[in-house]
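In my numbering, the protein residues as written are 2 to 373.
Glycine residues also receive a C-beta, built at the ideal position from the N, C-alpha and C atoms.
See below for the structure under consideration.
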């Protein structure tokens, strides 16, 4: 009987001849080197890789790394060259040294010197102070000039009586006209305030309507209604080894499907398979719980626990250590059920051995065991 084990890197389920026990092989899926377990189940570590310091290519690579690290142009590590390396060095054709490309250097700008304006040695004498009589005469001339300018701007006088409309009206007569002009503006402001109040009231009603619909919707149920209490279904998943002994099926997946499918969204199979990680399994369990089902994983002893309300479920158990024959047919009812829940149901089963059947949960501490 071949030795069956999983790759330590990609978790691919492999089978190999018993003559290869303890040997080193390459995984056909990921290509990594792995150690085949011994017949008693023990696994020896892989040997550490050894470096051949006499390899010319390795020596050149180490020499280049040493040059980059130290900044020195002299080689740090140079093993003895073989006859073939010396012959290749002699047969190498020397490459011509490229001529340097001239670089035009911009001409620096000529600095501009700014000379301060020349200053006379002689000090500027202040203007002579005017007397009070001169200042009074200048002020009188300025006043006369101003009066003449105003007289030239005045309209010519006309003979005859003065019209009433030509006289300026008092402030008491001009005030009603100002009030009449401000009445349309006040009316416009009042109308805008009224429209803004109506729009604000409608906006508040629109915001409150979803809350009212949510509280009155029958789909949400009564706020005081209590969800169905979950009960525990415990059990143990085992398998028979090659020598006929019963071993715990550590990492097996136990999936409980509800009696009715809620929603139409398809789930991903990642997290439901035995070889998937714990983080993906927690996400998958939360997604199935939202649909009314449950997902759990068997521990190191093969024991599990399902938290579901009382009722009838369809339970699917996926083994972690046992594989099925490719020619073994899949139950039609199981294939139909998986197609309603998952986007790729064939990837969920794969070549893993499984068991499918109904499960009646009474809520009185049910116990359900299975052995592959």
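Looking at the DSSP output, residue 248 shares a beta bridge with 240. At the C-beta level, residue 288 and residue 268 come within 8 Å of one another. For residue 346, the enclosing alpha helix (DSSP H) covers residues 346-350. Of the other Cβ atoms in all chains shown, 16 or more fall within 10 Å of the Cβ of residue 239; this residue is therefore buried. Residue 268 carries a strand assignment under DSSP once its states are collapsed to helix, strand and coil. Non-local beta-carbon contacts of residue 358 in its own chain, meaning distances under 8 Å to residues more than five positions away in sequence, involve 315 and 316 in chain order. Counting C-beta pairs with one atom in each stretch, the segment 337-353 and the segment 258-272 have three or more that are closer than 8 Å, which means they touch. Per DSSP, the continuous alpha helix (DSSP H) segment holding residue 335 begins and ends at 333-342. For residue 359, the pairing in a beta bridge is given by DSSP as 315.
Around the CB of residue 275, 16 or more other CB atoms lie within 10 Å, so the residue is classed as buried. Cβ-Cβ distances below 6 Å link residue 243 to 2 in the same chain, with the five nearest sequence neighbours on each side left out; the list follows chain order.
For residue 283, there is no enclosing beta strand (DSSP E); the residue is part of the alpha helix (DSSP H) that begins and ends at 279-291.
When Cβ pairs closer than 8 Å are counted between the two stretches, the segment 24-41 is seen not to touch the segment 56-66, the count staying below three. The DSSP-derived three-state label of residue 55 is coil. Residue 237 has its alpha-carbon roughly 23 Å from the corresponding atom of residue 12. The three-state secondary structure of residue 21, taken from DSSP, is helix. For residue 192, the secondary structure class from DSSP, reduced to helix, strand or coil, is helix.
Assigned with DSSP and collapsed to three states, residue 206 falls in helix.
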